[in-house]
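Note sheet for the following structure.
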Ligand code: PFF
């Protein structure tokens with residue numbers, strides 16, 4: 044173990060970097076839509092419950108594992124559970140991080156193209172029906188999306204290579220406040236449109252009749268993905284925390300910021316969409332088809348305004364995606380750097396090169412390669428399914444079992460209470476949640492996603 048290990052410089056830096064990982068495309072395209080479809084404010088309450096009962100405790104567990112071992116995720120499990128099979132949980136998290144980065148960077152790259160499109164005024168020049176066509180033509184183009192993916196990965200690479208404090212922390216301190224300001228400005232513009240009230244109602248009016256078992260499971264799955272759990276991100280970042288970082292408080296703050304950004308995104312998307320009578324769709328279609336149309340119709344009378352707001356929105360998406368890709372890249376870079384004694388630069392270079400190759404295939408699988416499927420899915424969909432639906436819940440399950448059942452209670456409490464300086468009640472509660480509540484909850488989500496229940 045190295046004692047001269049890099050570390051985050053400040054408490055704020057820690058929270059912004061971890062929140063940067065958590066706040067991503069998932070907050071902006073998935074959460075608002077799920078809220079609107081699943082009972083509005085009732086869903087938000089269920090979601091907050093899931094974050095508090097499952098999300099935040101597992102984040103604390105990942106934090107505790109990372110900081111205790113002060114090493115990359117794979118080695119962390121080996122250090123805390125030598126000569127056991129727990130090793131494989133850490134390795135699986137690193138692999139998941141690598142696979143997610145490969146396809147996440149493809150969608151992240153699209154945001155760059157749309158910044159350019161919005162700046163060129165294409166949203167106000169196009170007829171509403173053209174958005175689907177131009178989106179499909181763009182993602183199936185063999186060159187352009189690949190180039191943007193590579194560019195996005197290079198941007199991520201340049202920040203990661205600079206190191207933890209100068210690269211990750213400094214960039215998060217600039218990008219996260221920018222993201223927040225953009226979000227608030229866009230929400231104000233959206234809320235000021237005529238008829239915006241219907242969108243707010245759709246998002247926030249509680250309808251408890253819609254909340255059933257499926258909604259609960261959907262909220263739980265969304266909480267894991269949104270908080271970046273089960274992919275080694277929080278574990279790796281925590282390995283750079285200082286001994287006096289308050290883990291429960293940090294996990295709580297990150298969860299609050301992540302949830303707030305998700306709700307604010309809803310207040311950008313729904314009021315604008317309802318004001319022009321467009322029913323929002325989910326998935327990438329929402330970001331790249333529905334919203335250009337919304338910008339066009341809501342603000343198209345003044346092309347400059349439509350252009351400026353469009354550019355702001357896609358910059359917001361790019362920033363949100365970038366802080367997430369940085370955390371994924373760091374998981375794998377730290378692993379290669381420490382396990383194979385490579386320099387950080389070389390390790391990061393290998394990760395970027397690997398992701399460029401896989402990302403290129405993922406991107407092509409939406410166009411020229413769409414006839415090549417595996418288990419009936421394109422490579423892009425396969426990566427998404429295998430990571431988000433399979434690897435993520437499996438590793439989150441093992442993380443909670445590891446902390447709740449395997450690791451010595453004294454070690455767990457020592458980390459969570461900073462050697463007794465934070466009240467012990469917190470530790471007892473978290474251990475209880477990790478021991479019983481989280482594993483049972485995740486097992487249900489997993490079974491539901493595999494359509495076993
Ligand atoms: N939390 C990110 C989002 O909500 O978009 C996505 C993500 C990043 C998932 C990093 C998993 C991860 F390890």
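In this note's numbering, the protein residues as written are 44 to 496. Quick reminder that beta carbons are idealized off the backbone N, C-alpha and C, glycines included. Please read these numbers as outputs of a predicted model, since none were measured by experiment.
What is the rounded straight-line gap between the Cα of residue 95 and the Cα of residue 165?
-> The residue you call residue 95 lines up with position 52 of the chain shown. The residue you call residue 165 lines up with position 122 of the chain shown. Looking at the two C-alpha atoms, the distance is approximately 43 angstroms.
Notebook entry, point to check: Among 53, 73, 466 and 48, which one has its Cα closest to the Cα of residue 267?
Noted result: Here the question's residue 267 lines up with position 224 in the chain shown. Nearest option by C-alpha distance: 73.
Discussion item. So for residue 417, helix, strand or coil by DSSP?
Written reply: Within the chain shown, residue 417 is the residue found at index 374, counting from 1. Strand, per DSSP.
Notebook entry, point to check: In terms of residues, what are the limits of the alpha helix (DSSP H) holding residue 75?
Noted result: Position 32 of the chain shown, counting from 1, holds the residue named residue 75. Note, residue 75: alpha helix (DSSP H), 74-80.
Item to complete: Check whether the Cβ atoms of residue 346 and residue 167 lie closer than 8 angstroms to each other.
Response: For the purposes of this step, residue 346 is taken as the residue at position 303 of the chain shown. For the purposes of this step, residue 167 is taken as the residue at position 124 of the chain shown. Yes, the pair counts as a contact, with Cβ atoms nearer than the cut-off.
ask   = Under the criterion of a Cβ to heavy atom distance below 7 angstroms, does residue 274 qualify as lining the ligand PFF?
value = As a first step, residue 274 is located in the chain shown; it is residue number 231 there, counting from the start. Residue 274: yes, Cβ under 7 angstroms from the ligand PFF.
Task: For residue 466, the first and last residue of its enclosing alpha helix (DSSP H) - done: Position 423 of the chain shown, counted from the start, is the residue given in the question as residue 466. Careful: residue 466 lies outside any alpha helix (DSSP H) and carries neither H nor E.
Spatial distance of residue 153 from residue 463 (CA atoms): As a working mapping, residue 153 is identified with position 110 in the chain shown. As a working mapping, residue 463 is identified with position 420 in the chain shown. Cα to Cα, the separation comes out at about 48 angstroms.
- Query: Relative to the ligand PFF, is the shortest distance from any of its heavy atoms to the C-beta of residue 404 smaller than 7 angstroms?
  - Reply: Taking the chain shown and counting its residues from 1, the one referred to as residue 404 is at position 361. Flag unset: Cβ of residue 404 not near the ligand PFF.
Taking the alpha-carbon positions, what's the residue 358 to residue 218 distance?
One-based indexing of the chain shown puts residue 358 at position 315. One-based indexing of the chain shown puts residue 218 at position 175. Taking the straight line joining both Cα atoms gives about 10 angstroms.
| request: Please check the pair residue 204 and residue 361, which I expect to be a contact at CB under 8 angstroms, by giving their CB distance rounded to whole angstroms. | output: The count along the chain shown starts at 1 and reaches residue 204 at position 161. The count along the chain shown starts at 1 and reaches residue 361 at position 318. Going by Cβ atoms, the distance from residue 204 to residue 361 rounds to 19 angstroms, so no, they are not a contact pair.
Requested in this report: Please specify which runs of the alpha helix (DSSP H), each continuous and at least 4 residues long, are wholly inside the segment 393-475, giving them in chain order.
Outcome: 422-427, 435-444, 452-459 and 467-475
**OP:** Note the first and the last residue of the continuous alpha helix (DSSP H) segment covering residue 137.
**Re:** Sequence index remark: in the chain shown, residue 137 carries index 94 (1-based). Taken as a continuous stretch (DSSP letters only), the alpha helix (DSSP H) holding residue 137 covers 130-162.
Requested in this report: Could you tell me whether the segment 285-300 touches the segment 120-131, using the rule of 3 or more Cβ pairs below 8 angstroms?
Outcome: no
Next on the checklist: Could you give the first and the last residue of the continuous alpha helix (DSSP H) run that contains residue 318?
Outcome noted: The count along the chain shown starts at 1 and reaches residue 318 at position 275. First-last of the alpha helix (DSSP H) with residue 318: 290-318.
**Q.** Contact check, residue 119 vs residue 278, beta carbons under 8 angstroms
**A.** By one-based count along the chain shown, residue 119 stands at place 76. By one-based count along the chain shown, residue 278 stands at place 235. Taking 8 angstroms as the Cβ cut-off, residue 119 and residue 278 qualify as a contacting pair.
Suppose contacts are defined by Cβ-Cβ distances below 8 angstroms. Is residue 422 in contact with residue 405 by that definition? Here the question's residue 422 lines up with position 379 in the chain shown. Here the question's residue 405 lines up with position 362 in the chain shown. Yes, they are a contact pair.
Ordered list of alpha helix (DSSP H) runs contained in the segment 193-279, each at least 4 residues: 213-234, 239-247 and 256-269
**Asked** Since residue 498 contacts residue 245 with CB under 8 angstroms, what's their CB separation in whole angstroms?
**Response** Residue 498 cannot be examined here, being either before or after the span of the chain that is shown, 44 to 496.
Review point. Excluding the five sequence neighbours on either side, which residues of its own chain have a C-beta within less than 8 angstroms of the C-beta of residue 251, listed in chain order?
Key: If you number the chain shown from 1, residue 251 lands on position 208. Within the same chain, residue 251 has close Cβ partners 82 and 85.
So, are the CB atoms of residue 500 and residue 105 less than 8 angstroms apart?
-> Not covered by the structure: residue 500. The range shown for the chain is 44 to 496.
| Which first and last residues belong to the alpha helix (DSSP H) in which residue 175 is found? | Numbered from its first residue, the chain shown carries residue 175 at position 132. Taken as a continuous stretch (DSSP letters only), the alpha helix (DSSP H) holding residue 175 covers 173-183.
Item to check | Option in 309, 409, 295 and 382 with minimal Cα separation from residue 76 | outcome: Here residue 76 refers to the residue found at position 33 of the chain shown. Cα-wise, what sits closest to residue 76 is 309.
* Asked: Do residue 148 and residue 195 have their CB atoms nearer than 8 angstroms?
  -> For the purposes of this step, residue 148 is taken as the residue at position 105 of the chain shown. For the purposes of this step, residue 195 is taken as the residue at position 152 of the chain shown. Going by C-beta atoms, residue 148 is nearer than 8 angstroms to residue 195.
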